[in-house]
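Input: a single structure, listed below in structure tokens.
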Amino acid sequence: MDYDTVIVRYGEIFLKSDYVRKSFEDVLVRNMRRRLESDKVAYRIYQRRHRIYVETGSAEAACESLKTVFGIVSLSPATKTGSGLPELTESAVALARTAIKPGESFAVRAQRVGSHPFSSKDVEEAAGARILEELDAVVDLEEPEKTVYVEIRDDEAYVYDKKVEGVGGMPYGTQGGLVSLLSTGIDSPVAAWMMMRRGCKVSFLHFGSLEEVEPIVKRLEYFCNQELMVWCIPHEPVLEAIGAEAGKYTCVVCKRFMHRAAELLAEKIHASGIVSGENVGQVASQTLENLEVIDCLRMPVYRPLVAMDKEEIIAVAKRIGTYELAVKGTKCPYVPDKPSTRAKLEEVLAAEEKIGIEKLLKDAWDSLVFGER
Ligand code: ATP
Ligand code: MG
Numbered sequence: 013m014d015y016d017t018v019i020v021r022y023g024e025i026f027l028k029s030d031y032v033r034k035s036f037e038d039v040l041v042r043n044m045r046r047r048l049e050s051d052k053v054a055y056r057i058y059q060r061r062h063r064i065y066v067e068t069g070s071a072e073a074a075c076e077s078l079k080t081v082f083g084i085v086s087l088s089p090a091t092k093t094g095s096g097l098p099e100l101t102e103s104a105v106a107l108a109r110t111a112i113k114p115g116e117s118f119a120v121r122a123q124r125v126g127s128h129p130f131s132s133k134d135v136e137e138a139a140g141a142r143i144l145e146e147l148d149a150v151v152d153l154e155e156p157e158k159t160v161y162v163e164i165r166d167d168e169a170y171v172y173d174k175k176v177e178g179v180g181g182m183p184y185g186t187q188g189g190l191v192s193l194l195s196t197g198i199d200s201p202v203a204a205w206m207m208m209r210r211g212c213k214v215s216f217l218h219f220g221s222l223e224e225v226e227p228i229v230k231r232l233e234y235f236c237n238q239e240l241m242v243w244c245i246p247h248e249p250v251l252e253a254i255g256a257e258a259g260k261y262t263c264v265v266c267k268r269f270m271h272r273a274a275e276l277l278a279e280k281i282h283a284s285g286i287v288s289g290e291n292v293g294q295v296a297s298q299t300l301e302n303l304e305v306i307d308c309l310r311m312p313v314y315r316p317l318v319a320m321d322k323e324e325i326i327a328v329a330k331r332i333g334t335y336e337l338a339v340k341g342t343k344c345p346y347v348p349d350k351p352s353t354r355a356k357l358e359e360v361l362a363a364e365e366k367i368g369i370e371k372l373l374k375d376a377w378d379s380l381v382f383g384e385r
């Protein structure tokens with residue numbers, strides 16, 4: 013049986029007031045349109061209470077395309093049918109013919125919204141009985157191998173047999189803006205993606221060249237279907253100046269510097285915070301004592317990876333396709349032999365004084381370039 017529709021289910025937006033829900037739903041629909049268009053799937057979208065439907069001749073391709081759109085919890089390729097009992101039953105049988113293999117066990121599950129002259133249970137029994145008549149199959153209501161779902165909403169109904177998991181989160185753009193400190197490593201693209209998944213709009217600051225982060229930015233753009241902005245600051249002069257004076261505090265001073273530059277950028281573009289891929293305990297600069305000293309901003313710093321294990325971060329990076337793009341195995345040549353794991357603020361401030369950090373920050377700010385792409 014050919015699917016002709018995708019049922020799109022969203023999550024937390026449910027919890028919002030009607031007004032907020034409506035506006036979040038509109039953002040979600042706009043993001044879905046962009047994705048379907050960029051993936052060249054022909055479609056027509058229509059909305060009903062608490063559901064979005066995509067009418068399309070390529071329902072399975074549309075599910076694949078939409079499952080990474082933020083805000084979508086699950087999707088089902090489905091067949092639309094009328095809401096009369098005979099029609100429903102026959103659609104369920106037609107679906108069962110392609111979904112259920114000989115000898116398999118099945119169950120019919122029906123859900124109903126609106127008023128109808130039959131109950132959900134009536135639908136399950138009538139469709140179940142017809143499937144048994146037509147096919148070599150057995151009923152198992154506890155642990156069926158296949159489930160035929162019937163969803164009836166007023167005078168429209170759908171039959172389907174599978175749910176594709178979506179990525180969840182909130183529609184991109186429903187929250188404010190953040191500046192994401194993006195390196196060419198494994199962690200920071202995952203951190204940015206996680207905040208994007210919460211609906212936050214991200215812009216990037218990279219210490220280094222545009223070319224080295226371009227593939228990562230492009231990949232992240234796929235998820236929100238819009239162009240993301242990137243600013244770059246040459247890293248070498250900053251590292252040289254810090255490395256010459258900061259000794260064991262080089263990494264801590266370097267991170268404080270990056271955070272301060274990110275805050276300046278956030279102020280410039282009216283963003284409300286910073287995103288970093290820092291994590292507790294992963295590298296020497298990421299002890300709690302060092303993070304305490306690194307945290308020198310007025311703005312909040314979001315560290316979505318803070319409590320994740322490296323394996324978990326890598327799994328996400330692989331899932332979102334940024335793992336392959338990370339530059340691996342290059343160690344920063346300025347990392348001292350014995351980096352401090354217990355930075356003392358007074359000593360760090362003294363080192364920054366010696367470096368002339370304010371001037372360095374001003375020079376870095378003057379060298380800020382917008383990554384024209
Ligand atoms: P990543 O894998 O994201 O590079 P990491 O495990 O290598 O992180 P650090 O090198 O200490 O850890 O970097 C911590 C965070 O500082 C990064 O996650 C990123 O947010 C930021 N950062 C590091 N290097 C750069 C850079 N060159 N440009 C911008 N931000 C950076
Ligand atoms: Mg790194």
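For this note's numbering, count along the sequence shown from 1 and bump the result up by 12. Glycine included, C-beta positions come from ideal geometry on N, C-alpha and C.
Residue i beta carbon near the ligand ATP (any heavy atom closer than 7 angstroms)
i, result
"Asp307", "no"
"Phe219", "yes"
"Leu190", "no"
"Asp51", "no"
"His282", "no"
"Ser215", "no"
"Lys330", "no"
Straight-line gap, residue i to residue j (C-alpha atoms, nearest Å)
i, j, result
"Gly126", "Asp166", "5 angstroms"
"Lys52", "Ala258", "53 angstroms"
"Lys113", "Ala149", "8 angstroms"
"Pro246", "Ser379", "7 angstroms"
"Ile64", "Gly23", "12 angstroms"
"Leu47", "Leu78", "Here residue 47 turns out to be Arg, not Leu, going by the sequence shown. Between Arg47 and Leu78, the C-alpha separation is close to 7 angstroms."
"Pro345", "Ser297", "15 angstroms"
"Lys340", "Lys371", "32 angstroms"
"Pro351", "Arg210", "34 angstroms"
"Glu223", "Ser35", "37 angstroms"
"Pro201", "Val32", "29 angstroms"
"Ala338", "Leu194", "11 angstroms"
"Glu136", "Ser29", "34 angstroms"
"Ile323", "Thr93", "Position check: residue 323 holds Glu in this sequence, whereas Ile was assumed. Looking at the two C-alpha atoms, the distance is approximately 45 angstroms."
"Val381", "Gln238", "20 angstroms"
"Val105", "Ala54", "28 angstroms"
Residue i vs residue j beta-carbon contact at 8 angstroms
i, j, result
"Val120", "Gly140", "yes"
"Asn291", "Val318", "yes"
"Ile367", "Ala253", "yes"
"Thr80", "Ala74", "no"
"Gly255", "Pro183", "no"
"Val85", "Gly180", "yes"
"Thr101", "Ala138", "yes"
"Arg124", "Ser132", "yes"
"Val160", "Ala111", "yes"
"Ile325", "Asp199", "yes"
Closest by C-alpha distance to residue i, when choosing among the options
i, options, result
"His128", "Ser88, Lys366 and Ile164", "Ile164"
"Val18", "Pro348, Arg56 and Arg42", "Arg56"
"Lys213", "Arg45, Gly185 and Glu336", "Gly185"
"Glu226", "Cys263, Thr196 and Met208", "Thr196"
"Pro156", "Arg142, Glu168, Val105 and Glu116", "Glu116"
heavy atom of the ligand MG below 7 angstroms from residue i C-beta
i, result
"Gly341", "no"
"Gly255", "no"
"Ser35", "no"
"Gly180", "no"
"Gly23", "no"
"Ser70", "no"
Are there three or more Cβ pairs, one per stretch, closer than 8 angstroms when the segment 226 to 235 is compared with the segment 258 to 276?
-> no
Evaluate the contact criterion for the segment 347 to 366 versus the segment 208 to 218: three or more CB pairs, one atom per stretch, below 8 angstroms.
-> no
Any contact of the segment 370 to 385 with the segment 235 to 250, i.e. 3+ C-beta pairs under 8 angstroms?
-> yes
Quick check: the segment 275 to 287 against the segment 309 to 317, are there 3 or more CB pairs under 8 angstroms?
-> yes
Just checking, does the segment 302 to 310 make contact with the segment 342 to 356 on the three C-beta pairs under 8 angstroms criterion?
-> yes
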